[in-house]
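> Here it is, the structure, as structure tokens.
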Amino acid sequence: MKLLPQIQVEGGAEWLARTATQCLIDEARLSPKPGLVDSRGNGAHLDLSLALMERSAHSLTPTFQALAQQSWQRPADIALRQTIGRLGREGEQNMMAATQGVNTHRGAIWALGLLVSAVAMLGGDARPQTIARTAAELATLPDDAAPKVFSKGLRATHRYRVPGAREEAQQAFPHVLQRALPQLRLSRLNGSSESHARLDALMAIMTSLTDTCVLSRAGMEGLETMQDGARVVLNAGGTAQPEGQRALAELDRRMLALNASPGGAADLLAATLFLDRVETPYSKH
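Heads up: the sequence shown begins at 458 in the numbering used here, then just goes up one per residue.
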């Protein structure tokens, strides 16, 4: 009988890792996404491709599994926060090795890594609000071993004085819980296909996120174009409607013209798909 808890940990950690990886792949393949890599092409990126994004996602599976194993039924404390930080940085190195130095999923390692850890800390409890709150507890703890370097995203948050990925996690992922997840499920209820529902969820994030990827590449003009364009899509009935599809195509055109790519929104869409998927097996009971 003593083996059972360990089997639960191993099986749970493996499932969480596979699920997180698949959510990254599903996000990458989703089309048509404005300015982003998708099944059509490379979006606003010269150094990215769908094949590279998928290779990157697979390279992160061991990281997600290690995060889940180390976090299983542990409290949010400094020791766990530092372990998670170390595993995340090692995962980033593995990602960079798999992509020959291209940053494909640094933001997703942060968001999904925290959420994977949070599910494990809760012993598999899959309620999105509880997971997000637990992830926020972790995100607010200090990690003294973290390198003191300014990423493009951090530089954008300072330059424009806006919240970024760190604040999104510390606030319990409001764009995921309050915007994307409700929109995903509403669009499904309204009869949209899964692809259209996911695109609508992405639009919901883009309506108000201060996406530092966009700010870094296209400044406030790019950010306002993204937010305004996403609102037009949703106000037209979403991506399942002809008018919404035309608005989405126009947003894509404008984002490409500005060389803007909403990578932060894409990371949060992957997080949304993850929370949706981990809750689904439980919500049926």
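From the three backbone atoms N, C-alpha and C, an ideal C-beta is built for every residue, glycine too.
(1) Could you pull the start and end residues of the alpha helix (DSSP H) that Asn551 belongs to?
(2) Helix, strand or coil, according to DSSP, for Phe521 in the structure here?
(3) Would Ala629 and Gln640 qualify as a contact pair, given that the criterion is a beta-carbon distance under 9 Å?
(4) Going by DSSP in three states, Asn499 sits in which element: helix, strand or coil?
(5) Given a cut-off of 9 Å on the beta-carbon distance, is the pair Val690 and Gly721 in contact?
(6) Which residue wins for smallest C-alpha separation from Ala602, given the options Thr556, Glu547, Asp733 and Asn551?
(7) Report the rounded CA-to-CA distance for Leu493 versus Leu715, giving the unit in angstroms.
(8) Can you list, in chain order, the residues of its chain whose CB lies under 8 Å from that of Gln702, leaving out five sequence neighbours each side?
(9) Is the distance from the Cβ of Ser513 to the Cβ of Thr561 below 9 Å?
(10) Taking all protein chains shown into account, decide if Gln522 is buried (16 or more other Cβ within 10 angstroms of its Cβ) or exposed.
(11) Select from Leu507, Pro491 and Glu625 the residue whose C-alpha is nearest the C-alpha of Val559.
(12) If Met677 and Met663 are in contact, beta carbons under 8 Å, what's the gap, nearest whole angstrom?
(13) Reducing DSSP to helix, strand and coil, say where Asp601 ends up.
(14) According to the Cβ coordinates, are Leu487 and Ser652 closer than 9 Å?
(15) If you follow the alpha helix (DSSP H) that Leu505 is part of, which residue opens it and which one closes it?
(16) Excluding the 5 residues flanking Ala555 on each side, which residues of the same chain have their C-beta closer than 7 Å to its C-beta?
(17) In whole angstroms, what separates the C-alpha of Ala577 from that of Val466?
(18) Could you check the C-alpha separation between Arg475 and Pro519 for me, to the nearest Å?
(19) Compare the C-alpha of Gln539 against each of Leu505, Glu484 and Gln527 and name the closest.
(20) Determine the direct distance from the alpha carbon of Arg688 to that of Leu705, and round the result to whole angstroms.
(21) Specify the secondary structure class of Ala717 as computed by DSSP and reduced to three states.
(22) Which residue's Cα is closest to the Cα of Val633: Ala470, Asp685, Pro699 and Ala592?
(23) Where are the alpha helix (DSSP H) runs, 4 residues long or more, that stay fully inside the stretch 626-679, in chain order?
(24) Considering only their Cβ atoms, is the gap separating Ala477 from Trp567 smaller than 9 Å?
(25) Take Arg533 as the anchor and find which of Ala723, Glu594 and Ser718 has the nearest alpha-carbon.
(26) For the alpha helix (DSSP H) containing Arg531, list its first residue and its last residue.
Straight from the coordinates:
(1) Ile535 to Ala555
(2) Note: Phe521 maps to helix in three-state DSSP.
(3) Using a Cβ distance threshold of 9 Å, Ala629 and Gln640 do not count as a contacting pair.
(4) Three-state result, Asn499: coil.
(5) No, the Cβ-Cβ distance between Val690 and Gly721 is not below 9 Å.
(6) Glu547
(7) Roughly 12 Å separates the two Cα atoms.
(8) Thr696
(9) yes
(10) buried
(11) Leu507
(12) Going by Cβ atoms, the distance from Met677 to Met663 rounds to 15 Å, so no, they are not a contact pair.
(13) Looking at Asp601 - three-state DSSP - the assignment turns out to be coil, as it is neither helix nor strand.
(14) Yes, they are a contact pair.
(15) Element bounds for Leu505: n/a, residue is neither H nor E.
(16) Once the five neighbours on either side are set aside, the close Cβ partners of Ala555 are Arg512, Ser513 and Ser516.
(17) 8 Å
(18) Each residue's Cα considered, the two are about 9 Å apart.
(19) Between Gln539 and the set Leu505, Glu484 and Gln527, the nearest pair of CA atoms involves Gln527.
(20) So the two alpha carbons sit approximately 10 Å from each other.
(21) Correct three-state label for Ala717: coil.
(22) Ala592
(23) 638-646 and 651-663
(24) No, they are not a contact pair.
(25) First, the amino acid is wrong: residue 533 is Ala here, not Arg. Comparing Cα positions, the closest option is Glu594.
(26) Arg531 -> no alpha helix (DSSP H), and no H or E assigned at all.
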